[in-house]
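*Asks:* There's a structure below that I have some questions on.
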Amino acid sequence: MIQITDPAAKAPPALLSLAFRPFFLLASLWAAIAIGLWMGMLYGELTLPTRFDPLSWHIHEMLFGWIGAAVAGFLLTAIPNWTGRTPVRGPLLAALAGLWMLARAASLASALLPLWLAAAVELAFPLAICALAWREIIAAGNRRNRRNLPMPVPLALLTVADLLMYLPLAGIDVPQGLSWRLALAAVAILMSVIGARIIPAFTRNWLVARRSPVQPASNRWLDIAATASLHAALLGWALFPEVKALGLLLLTAAALNLWRVARWRGMATLAEPLLLVLHLGYLWIIAGAALLGLSLLQVAPIQVAAIHALTAGAMGSMVLGVMARVSLGHTGRTLSADASTRIIFLIISVAAFCRIAATLSLSNAYLLQLSALCWALAFLLFVARYGAWLLRPRLR
């Protein structure tokens, strides 16, 4: 991982030296806090001064708050490695982190604010991240970086989706569910793109280092078909959720992506959970697409299960897996999951399975509570294990 420095610049505090440090901490803390607040609202023990109803607030803070911080931490850390430019750090990074926190406060207390102000504060953060990401990629000015130009597009879609959540509060008619469907599709698309870029590459590096005869294989036409079908199906579902033909496209996309991920040799990474969790995260995307396809074809009423396969399963696993790997690599530590990290990955998997089971079981209240507990515990354990490293300078 490249460390880019500007000799003329005064070194900022470790926390503000790279974007993954503040944003991974904020994302993890908010993941635990927000799920706790949601459970309190769900069971009538807590009332927040927000304009959103409890379910809408939960959806908003998961798809825009928590994910927004995780995506910002990843993109603003990865882009300098792609472009060779100096990373966002110091006062600008502090301002971005502060803007994210203001947005969380504005969403939580939106009933106490003018609606335009709450919406403006909320939208300022993703707009700023989009603008910075495109500025850095374009400013690098070489052909190699052209393939990175689409990377901020899902974040732009997420910004549009965030706006669509606020418009009904102003009395503007928006198709029901369009905002969260578009947000979910945007995040799933971003995860699939990042996953396809890093999972086979990291797996190959690990296997080569161990002189394994097994190596990930790629096929250009399979990659194109798997990517195009998945992205088209997810965006189609977001915009036209009643079109049954999209169910067939989602199932086709799931099959193509399963074929694709099988070629990445995930079974060869069983000894390294830091890699295995990324393969599992991508499998959750496939499972979510397949369940969503079956739901559209009315095979079974499992749309809620599909949604949580993509959120609790894919997002939970991929975010924790990427946060752990980036944190280890950029703080100068060995890229291997220790016992604490393995426990974190196990707990987030339990949270995902319980959340999906809760949508299918009569004992859903107990499973929902267990899922929320495991979700919060996984992210709090990440803070406990990695927090001190994120606050300290790189080892080497």
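Residue numbers (the working numbering): 4 to 399. Beta carbons: idealized from backbone N, C-alpha and C, even for Gly.
#1: Give a yes or no on whether the C-beta atoms belonging to Ser339 and Glu275 are separated by under 9 Å.
#2: At what residues does the alpha helix (DSSP H) containing Pro57 begin and finish?
#3: Kindly indicate which three-state DSSP category Ala112 falls into: helix, strand or coil?
#4: Please report the straight-line C-alpha distance between Glu139 and Ile197, rounded to a whole angstrom.
#5: So, under 8 Å CB-CB, Leu254 and Ala317 are touching, yes? Tell me the CB distance rounded to an integer number of Å.
#6: Let's see if you can read the secondary structure: which residues bound the alpha helix (DSSP H) around Asp176?
#7: Please report the straight-line C-alpha distance between Leu45 and Trp137, rounded to a whole angstrom.
#8: Could you compute how far the alpha carbon of Ala368 sits from the alpha carbon of Trp209?
#9: Can you list, in chain order, the residues of its chain with a C-beta nearer than 8 Å to that of Leu167? Leave out the 5 residues immediately preceding and following it.
#10: If you measure from the beta carbon of Leu185 to each beta carbon in chain C, is any gap under 9 Å?
#11: Taking all protein chains shown into account, do 16 or more other C-beta atoms lie within 10 angstroms of the C-beta of Ala22, making it buried, or fewer, making it exposed?
#12: Taking Cβ to Cβ, would you say Thr206 is nearer than 9 Å to Arg263?
#13: If we count the other Cβ atoms within 10 Å of its Cβ and call it buried at 16 or more, is Gly144 buried or exposed?
#14: Roughly how many angstroms lie between the CA atoms of Met104 and Ala97, to the nearest whole one?
#15: With a threshold of 6 Å on Cβ separation, who are the neighbours of Ala2 within its own chain once the five nearest residues in sequence on each side are excluded?
#16: Mark Leu187 as exposed unless 16 or more other C-beta atoms lie within 10 angstroms of its C-beta, in which case mark it buried.
#17: Here's the rule: buried if 16 or more other CB atoms are within 10 angstroms of the residue's CB, otherwise exposed. What is Asn260?
#18: Just verifying my parser: in three-state terms, what is the DSSP assignment at Val217?
#19: Out of Asn148, Ser59 and Leu380, which one is the CA nearest neighbour of Ile346?
#20: Judging by CA-CA distance, which residue of Arg54, Ala309, Gly47 and Arg24 is the nearest neighbour of Leu172?
#21: Check whether the stretch 293 to 311 touches the stretch 236 to 253, taking contact to mean three or more Cβ pairs, one atom from each stretch, closer than 8 Å.
#22: Leu170 to Ala189, Cα distance in whole Å?
#23: Compute the beta-carbon to beta-carbon distance between Phe26 and Ala100, rounded to the nearest angstrom, for a pair I have assumed lies under 8 Å.
#24: Thr34: which of Ala315, Val124 and Thr334 sits nearest, CA to CA?
#25: In this structure, how does DSSP classify Pro117 when only helix, strand and coil are distinguished?
#26: Would you please state the rounded distance, in angstroms, between the beta carbons of Met154 and Leu277? I believe it to be under 8 Å.
#27: Give the range of the alpha helix (DSSP H) segment to which Leu383 is assigned.
#28: Considering Cα atoms alone, identify which of His333, Leu300, Ala258 and Leu283 is closest to Leu394.
#29: Around the Cβ of Ser343, are there at least 16 other Cβ atoms within 10 angstroms (buried) or fewer (exposed)?
#30: My output table needs one value for Pro83: the three-state DSSP class, helix, strand or coil.
#31: My understanding is that Ala37 touches Met65, with C-beta atoms under 8 Å, so please give their C-beta distance in whole angstroms.
#32: Around the Cβ of Trp119, are there at least 16 other Cβ atoms within 10 angstroms (buried) or fewer (exposed)?
#33: Output the boundary residues of the alpha helix (DSSP H) element that contains Arg24.
#34: Which whole runs of the alpha helix (DSSP H) in the stretch 250 to 333 are 4 residues long or more, in chain order?
#35: Pull up the distance between the alpha-carbon of Leu251 and that of Ala355, whole angstroms please.
#36: Kindly indicate which residue of Glu125, Leu130 and Pro52 has the alpha-carbon position closest to the one of Leu115.
*Replies:* Walking through what the data contain:
#1: Here residue 339 refers to the residue found at position 336 when the sequence shown is read from its first residue. Here residue 275 refers to the residue found at position 272 when the sequence shown is read from its first residue. Going by C-beta atoms, Ser339 is nearer than 9 Å to Glu275.
#2: Here the question's residue 57 lines up with position 54 in the sequence shown. Pro57 to His63 is the span of the alpha helix (DSSP H), which, as asked, contains Pro57.
#3: As a working mapping, residue 112 is identified with position 109 in the sequence shown. Ala112 falls in the coil class under three-state DSSP.
#4: Locating residue 139 in the sequence shown gives position 136, counting from the first residue. Locating residue 197 in the sequence shown gives position 194, counting from the first residue. The alpha-carbon atoms of Glu139 and Ile197 are separated by roughly 18 Å.
#5: The residue labelled residue 254 in the question sits at position 251 within the sequence shown. The residue labelled residue 317 in the question sits at position 314 within the sequence shown. That pair is no contact at about 17 Å.
#6: To locate residue 176, count along the sequence shown from 1; it is residue 173. Segment: none, Asp176 is in no alpha helix (DSSP H) and carries neither H nor E.
#7: Position 42 of the sequence shown holds residue 45. Position 134 of the sequence shown holds residue 137. Approximately 39 Å, taken between the alpha carbons.
#8: By 1-based counting over the sequence shown, the position of residue 368 is 365. By 1-based counting over the sequence shown, the position of residue 209 is 206. The alpha-carbon atoms of Ala368 and Trp209 are separated by roughly 42 Å.
#9: Numbered from its first residue, the sequence shown carries residue 167 at position 164. So the list reads Val177, Leu181, Ser182 and Leu185, once near-sequence residues are dropped.
#10: Considering every chain present, this structure includes no chain C. It has just one protein chain.
#11: Taking the sequence shown and counting its residues from 1, one reaches residue 22 at position 19. Classification for Ala22: buried.
#12: Reading the sequence shown from its first residue, position 203 is the one you call residue 206. Reading the sequence shown from its first residue, position 260 is the one you call residue 263. Contact flag unset, no.
#13: Taking the first residue of the sequence shown as 1, we reach residue 144 at position 141. Classification for Gly144: exposed.
#14: On the sequence shown, residue 104 is found 101 positions in, with the first residue counted as 1. On the sequence shown, residue 97 is found 94 positions in, with the first residue counted as 1. Straight-line Cα distance between these residues: approximately 11 Å.
#15: Because the chain spans 4 through 399 in this model, residue 2 falls outside it and cannot be assessed.
#16: In the sequence shown, residue 187 corresponds to position 184, counting from 1. Leu187 is buried by the Cβ-count criterion.
#17: Here the question's residue 260 lines up with position 257 in the sequence shown. Asn260 comes out buried.
#18: Numbered from 1 along the sequence shown, position 214 holds the residue referred to as residue 217. Coil, per DSSP.
#19: For the purposes of this step, residue 346 is taken as the residue at position 343 of the sequence shown. Ile346 has its Cα closest to that of Leu380, out of Asn148, Ser59 and Leu380.
#20: Along the sequence shown, read from residue 1 onward, the residue named residue 172 stands at position 169. Out of Arg54, Ala309, Gly47 and Arg24, Arg54 has the C-alpha closest to the C-alpha of Leu172.
#21: yes
#22: Indexing the sequence shown from 1 puts residue 170 at position 167. Indexing the sequence shown from 1 puts residue 189 at position 186. Going from the Cα of Leu170 to the Cα of Ala189 covers about 19 Å.
#23: Reading the sequence shown from its first residue, position 23 is the one you call residue 26. Reading the sequence shown from its first residue, position 97 is the one you call residue 100. Right, their Cβ atoms sit about 7 Å apart.
#24: Taking the sequence shown and counting its residues from 1, the one referred to as residue 34 is at position 31. The amino acid at residue 34 is misidentified as Thr; the sequence shows Ala. Nearest option by C-alpha distance: Ala315.
#25: Taking the sequence shown and counting its residues from 1, the one referred to as residue 117 is at position 114. Reduced to three states, the DSSP call for Pro117 is coil.
#26: For the purposes of this step, residue 154 is taken as the residue at position 151 of the sequence shown. For the purposes of this step, residue 277 is taken as the residue at position 274 of the sequence shown. The pair is not a contact, with the Cβ atoms about 23 Å apart (cut-off 8 Å).
#27: The residue you call residue 383 lines up with position 380 of the sequence shown. Taken as a continuous stretch (DSSP letters only), the alpha helix (DSSP H) holding Leu383 covers Asn367 to Leu394.
#28: Taking the sequence shown and counting its residues from 1, one reaches residue 394 at position 391. Measuring from the Cα of Leu394, the nearest candidate turns out to be His333.
#29: Residue numbering aside, residue 343 sits at position 340 when the sequence shown is read from its first letter. Exposed: under 16 other Cβ atoms inside 10 Å.
#30: Position 80 of the sequence shown, counted from the start, is the residue given in the question as residue 83. Note: Pro83 maps to helix in three-state DSSP.
#31: The count along the sequence shown starts at 1 and reaches residue 37 at position 34. The count along the sequence shown starts at 1 and reaches residue 65 at position 62. Yes, Ala37 and Met65 are in contact; Cβ-Cβ is about 7 Å, under 8 Å.
#32: Position 116 of the sequence shown, counting from 1, holds the residue named residue 119. Exposed: under 16 other Cβ atoms inside 10 Å.
#33: Here residue 24 refers to the residue found at position 21 of the sequence shown. From DSSP, the alpha helix (DSSP H) with Arg24 extends over Phe23 to Leu45.
#34: 276 to 299, 306 to 311 and 319 to 333
#35: The residue labelled residue 251 in the question sits at position 248 within the sequence shown. The residue labelled residue 355 in the question sits at position 352 within the sequence shown. Approximately 25 Å between the Cα atoms of the pair.
#36: To locate residue 115, count along the sequence shown from 1; it is residue 112. Of the listed residues, the one whose Cα sits closest to Leu115 is Pro52.
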